[in-house]
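A.B. asks: Mind having a look at this structure? Questions to follow.
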Amino acid sequence: MLWEIKTTVIGSYPVDINRLELIKDYYSGKEVSWNKYISNAVNDMVNAGIDIVSDGQTRDPFINIFTRKLKGCRLRYRTEIIDKVEYLDPIILDDQKFVKRLIPKKNKLIGIIVGPHTLSESVIDLYYKDKKELAFDFAFALKKEIQILQNHVDMISIDEPFFSNSIPEYGKELIDIISNNLTCPTRLHVCGDISNIVHDLIEMSVDILSHEFKASPKILDVFGEYDFSQKICLGSVRSDNERVETVEEIINHIEKAISIFGENVIQIAPDCGQRLLPRNIAFQKLKNLVKAKKEIFCH
Amino acid sequence: MFSFTKEQKVFKISDIKIGGQPGKHPTVLFGGLFFKGTPDFINTEKNLQNILKISKKTANPIIIDFFIRKEEHINNIINFIDKKLPKNVPFSVDVIEPSVKVKVLEHLNKKDLLSRTIYNSINIGITDKELNALKKNTPEMAIILAFNPKDKSPDGKVEVLENGANLIDNGLLDIVKNLGIKKILVDTAALAPGDNSGASIAAIPVIKEEYGLPTGCAIHNVVEKSKWLDNFDYAKRIVDVSSNVSIPLFGGDYAIFGSMKMAEYILPVIAWYDILISEYVENYFGVSPDYNHPRRKLL
């Protein structure tokens, strides 16, 4: 084959936090460091042979990573919006810099951003009373983060799982705000069954579309009905199921996708974040993904 | 000076009341014993009567916080509590290691001391074994340490109380309530200078307004970690004593002031501020001091 597919991840990776160590560090006055958890996730990805790694999103559930550091957000049982949402300081930048130092030169890094629509749908709004206005303020704040981030990562993924429920009429505008005028490529990840919204997704101004093609294989056929300019990140192992797919099964899945999309398949990945899987299972799935790629491209 | 809109809970353990609106009850003071080395029971017994006498004089209740660092000290320390501490005096046990915590609880139960026990503390390091031990040997009162390694601001402290900051399955408040412990004190987890140390004081009114629970902290730990103060020997002791003043001034109910050796300095200082606060809040908010308040006793 003439082109090469890159193996990558969607974002999160399992983390086993040593709570006792954290509390002992508190008593001894030692500053909290998350580097160990980030290293564990990144090293697993690198050791599995993944080409484009993420920071593993080990710090928090993905919504909280962003709302914890944006002005106007207050973390309670869920995030509450208590004031105008504004950007304060870099949110995930330090972790990306740390990962860059960890990974070999041949590996690339993808920075993961939770999209403005998903953020606006996940919080309890006590301030705006207008979801659109809230979503746009999230978009403007995230844009500032991405403008800084693009100098430190090789690609940016915008994670918008809530699009699978429905894309608001201003959905494209939100993605435009954060993806326009960037110097690095962008990927839009929407998980779930997206067969009813493919026509909207292909209008989004991003370079790559990423979906759960393994859990919802029918979306392969739905995409086949459209002409579109974006490349594809093919979900190839499930993230919601502990069964480790065999290499052969993954190869068959990839080959089916190639028969539909051809060289537009440029990434293969798990269907979604792997945070909820046991670590050894997540690792094995990544390893088989890498083996499948090698089988296809080395023969 | 404050008065809270949320109804403030007052808990009683033995003869000591803790909590309520600022100015209602005297600030309760926790002094530590046996931080390091082998416990010195002879000198402790000599000093004990003096400490209790000072407490009686100022009307500020004193609670001895027994540090139990090693399993081999459990028996002797609990025997000391049983034999030498007056039967109407509650005490706290301050233990870090989960395996030691389990054994301490069992010993306290055997000696029939749980009704006078303040358990210091329940925090994010809680293990299943500790939980089971607490179910079988439930102390009368527990301190929840609101340490959140992800967010050291007052909101972060609320988050760990509410949902465990996604480090544990439940919020610390739910964990304690599910154990059947009704008398809860919140410790706002003082941190080192430069690491959001002021948040432990700022969190006091936030937590009291949110939950109405008796709240305090060990602000003295911040002084201990302020290395620059080592160049000011005399002032360091003054700062150490006066740091505790910020707790009642911010509406707090108790201070964990470090070594019991400091009791003779701390108690009169806190009594003086309790009087000051009481005079103000009675005039402005109509909160009259309890019959056993320094203002009634000393003026």
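The listed protein sequences correspond, in order, to chains R and W. Using my numbering, the first residue of the first sequence is number 52, and each one after it goes up by one. Using my numbering, the first residue of the second sequence is number 779, and each one after it goes up by one. We treat Cβ as the ideally placed atom computed from N, Cα and C, and that holds for glycine. Please read these numbers as outputs of a predicted model, since none were measured by experiment.
List, in chain order, every chain R residue whose beta-carbon is nearer than 9 Å to that of Leu945(W).
C.D. replies: Position 167 of the second sequence holds residue 945(W). By Cβ distance, chain R contributes Ile68, Arg70, Leu73.
A.B. asks: Going by CA-CA distance only, name the one from Leu340(R), Gly286(R), Lys282(R), Asn232(R) that's closest to Phe312(R).
C.D. replies: For the purposes of this step, residue 312(R) is taken as the residue at position 261 of the first sequence. Looking at the Cα atoms, Lys282(R) is the closest of the given residues.
A.B. asks: Hey, is Ile295(R)'s beta-carbon within less than 8 Å of any beta-carbon in chain W?
C.D. replies: Taking the first sequence and counting its residues from 1, the one referred to as residue 295(R) is at position 244. The amino acid at residue 295(R) is misidentified as Ile; the sequence shows Val. Closer than 8 Å: no.
A.B. asks: Figure out for me which residue from Gly1030(W), Asp1052(W), Ser978(W) has the closest Cα to the Cα of Asp926(W).
C.D. replies: One-based indexing of the second sequence puts residue 926(W) at position 148. One point to set straight first is that residue 926(W) is Asn, not Asp, in the sequence displayed. Closest option to Asn926(W), Cα to Cα, is Ser978(W).
A.B. asks: Please name the residues in the region 840-855 of chain W whose beta-carbon is closer than 7 Å to at least one beta-carbon of chain R, in chain order.
C.D. replies: Of all residues in the region 840-855 of chain W, none has a Cβ within less than 7 Å of some Cβ in chain R.
A.B. asks: According to DSSP, which residues form a beta bridge with Val788(W)?
C.D. replies: Here the question's residue 788(W) lines up with position 10 in the second sequence. The partner list for Val788(W) (beta bridge, DSSP) reads Gly797(W).
A.B. asks: Hey, which unbroken runs of the beta strand (DSSP E) at 3 residues or more fall wholly within the region 114-172 of chain R?
C.D. replies: Runs of the beta strand (DSSP E) inside the region 114-172 of chain R: 122-126, 130-137, 159-165.
A.B. asks: For Lys1005(W), which residues in chain R fall below 9 Å Cβ to Cβ?
C.D. replies: Looking up residue 1005(W) in the second sequence gives position 227. Simply none; closest approach about 11 Å.
A.B. asks: Within a Cβ cutoff of 8 Å, which residues of the same chain sit near Asn866(W), ignoring the five residues on either side of it in sequence?
C.D. replies: Translated into the one-based positions of the second sequence, residue 866(W) becomes position 88. Taken in chain order, the residues that qualify are Ser792, Asp793.
A.B. asks: Helix, strand or coil for Ile900(W), going by three-state DSSP, please let me know.
C.D. replies: Position 122 of the second sequence, counted from the start, is the residue given in the question as residue 900(W). In this structure, Ile900(W) counts as strand in the three-state DSSP scheme.
A.B. asks: Where does Gln108(R) fall in DSSP's three states?
C.D. replies: Position 57 of the first sequence, counted from the first residue, corresponds to residue 108(R). Three-state DSSP puts Gln108(R) in coil, outside helix and strand.
A.B. asks: Within its chain, find whatever has a CB closer than 7 Å to the CB of Tyr1058(W); leave out the 5 residues flanking it on each side and keep chain order.
C.D. replies: Position 280 of the second sequence, counting from 1, holds the residue named residue 1058(W). So the qualifying residues of the chain are Met779.
A.B. asks: Counting only C-beta atoms, is Val83(R) closer than 8 Å to chain W at any point?
C.D. replies: Here residue 83(R) is taken as the residue at index 32 of the first sequence, counted from 1. Answer yes: the Cβ-Cβ gap between Val83(R) and chain W drops below 8 Å somewhere.
A.B. asks: Taking Ser217(R) as the reference, give the member of Gly243(R), Ile229(R), Lys344(R) with the closest Cα.
C.D. replies: Working through the first sequence from its first residue, we reach residue 217(R) at position 166. Comparing Cα positions, the closest option is Gly243(R).
A.B. asks: Under 8 Å between beta-carbons, which chain R residues line up against Ala996(W)? List them in chain order, please.
C.D. replies: To locate residue 996(W), count along the second sequence from 1; it is residue 218. Simply none; closest approach about 10 Å.
A.B. asks: Is Asp965(W) close to chain R? Criterion is C-beta to C-beta, closer than 8 Å.
C.D. replies: On the second sequence, position 187 is the one that residue 965(W) refers to. So no, Asp965(W) is outside the interface.
A.B. asks: Reducing DSSP to helix, strand and coil, say where Gln281(R) ends up.
C.D. replies: On the first sequence, position 230 is the one that residue 281(R) refers to. In the structure shown, Gln281(R) sits in coil (DSSP, three-state: anything other than H, G, I, E or B).
A.B. asks: Is the Cβ-Cβ distance between Ser105(R) and Gly62(R) less than 8 Å?
C.D. replies: Residue mapping note: residue 105(R) aligns to position 54 of the first sequence, counting from 1. Residue mapping note: residue 62(R) aligns to position 11 of the first sequence, counting from 1. The answer is yes: Cβ separation under 8 Å.
A.B. asks: What is the C-beta distance between Pro236(R) and Met206(R), in whole angstroms, given that I count them as a contact (C-beta under 8 Å)?
C.D. replies: In the first sequence, the residue the question calls residue 236(R) occupies position 185. In the first sequence, the residue the question calls residue 206(R) occupies position 155. At roughly 5 Å, the Cβ-Cβ gap stays under 8 Å, so Pro236(R) and Met206(R) are in contact.
A.B. asks: Listing by chain order, which chain R residues have their CB less than 9 Å from the CB of Lys772(W)?
C.D. replies: Only positions 779 to 1077 of chain W appear in the structure, and residue 772(W) is not among them; the question remains open.
A.B. asks: How would you call Glu296(R), buried or exposed, if buried means at least 16 neighbouring beta carbons within 10 angstroms?
C.D. replies: Taking the first sequence and counting its residues from 1, the one referred to as residue 296(R) is at position 245. Its Cβ being crowded by 16 or more others within 10 Å, Glu296(R) is buried.
A.B. asks: Drop a sphere of 10 angstroms on the beta-carbon of Ser261(R), count the other beta-carbons inside from all chains shown, and report buried for 16 or more, exposed for fewer.
C.D. replies: If you number the first sequence from 1, residue 261(R) lands on position 210. Its Cβ being crowded by 16 or more others within 10 Å, Ser261(R) is buried.
A.B. asks: If contacts are defined as beta-carbon pairs under 8 Å, then Gly1036(W) and Ile982(W) qualify, I think. What distance do you get, rounded to the angstrom?
C.D. replies: Taking the first residue of the second sequence as 1, we reach residue 1036(W) at position 258. Taking the first residue of the second sequence as 1, we reach residue 982(W) at position 204. With a Cβ gap of about 18 Å, Gly1036(W) and Ile982(W) do not count as contacting.
A.B. asks: Can you look up Gly275(R) in the DSSP assignment and give me helix, strand or coil?
C.D. replies: One-based indexing of the first sequence puts residue 275(R) at position 224. Three-state result, Gly275(R): helix.
A.B. asks: With three or more C-beta pairs closer than 8 Å as the rule, is the region 106-115 of chain R touching the region 75-94 of chain R?
C.D. replies: Touching, per the Cβ criterion.
A.B. asks: Is it buried or exposed for Ser280(R), if we count other Cβ within 10 angstroms and need 16 for buried?
C.D. replies: Sequence index remark: in the first sequence, residue 280(R) carries index 229 (1-based). Label assigned to Ser280(R): exposed.
A.B. asks: Quick one: Cα of Thr993(W) to Cα of Leu963(W), how far?
C.D. replies: In the second sequence, the residue the question calls residue 993(W) occupies position 215. In the second sequence, the residue the question calls residue 963(W) occupies position 185. Distance between the alpha carbons of Thr993(W) and Leu963(W): 6 Å.
A.B. asks: For my contact list, Lys907(W) and Val880(W) are in at a C-beta cut-off of 8 Å; report their separation, rounded to the angstrom.
C.D. replies: As a first step, residue 907(W) must be located in the second sequence, where it is residue number 129. As a first step, residue 880(W) must be located in the second sequence, where it is residue number 102. Right, their Cβ atoms sit about 5 Å apart.
A.B. asks: Okay, do the region 112-119 of chain R and the region 167-174 of chain R touch, 3+ Cβ pairs below 8 Å being the bar?
C.D. replies: Touching, yes, given that three or more Cβ pairs across the two stretches are closer than 8 Å.
A.B. asks: Along chain W, which residues have their Cβ under 8 Å away from the Cβ of Tyr78(R)?
C.D. replies: In the first sequence, the residue the question calls residue 78(R) occupies position 27. Within 8 Å Cβ-Cβ: Ile874.
A.B. asks: Is Ile1025(W) closer than 8 Å to Thr805(W) when the C-beta atoms are compared?
C.D. replies: In the second sequence, the residue the question calls residue 805(W) occupies position 27. In the second sequence, the residue the question calls residue 1025(W) occupies position 247. Closer than 8 Å, so yes.
A.B. asks: Among Leu826(W), Gly1064(W), Ser1056(W), whose alpha-carbon lies nearest the alpha-carbon of Lys861(W)?
C.D. replies: Stepping through the second sequence from its first residue, residue 861(W) is reached at position 83. Considering only alpha carbons, the answer is Leu826(W).
A.B. asks: Taking DSSP as the reference, what is the three-state secondary structure of Phe845(W)?
C.D. replies: Indexing the second sequence from 1 puts residue 845(W) at position 67. It is a strand residue.
A.B. asks: Within 10 angstroms of the Cβ of Thr816(W), are there 16 or more other Cβ atoms? Answer buried if so, exposed if not.
C.D. replies: Within the second sequence, numbered from 1, the residue matching residue 816(W) stands at position 38. Exposed, since its Cβ has fewer than 16 Cβ neighbours within 10 Å.
A.B. asks: Check the Cβ-Cβ distances between Phe789(W) and every residue of chain R, and say whether any is below 8 Å.
C.D. replies: Walking along the second sequence from the start, residue 789(W) turns up at place 11. Cβ-Cβ to chain R under 8 Å: no for Phe789(W).
A.B. asks: Counting only the same chain and skipping the five closest in sequence on each side, list residues whose C-beta sits under 6 Å from that of Tyr897(W).
C.D. replies: Sequence index remark: in the second sequence, residue 897(W) carries index 119 (1-based). Answer for Tyr897(W): Pro917, Ala920, listed in chain order.
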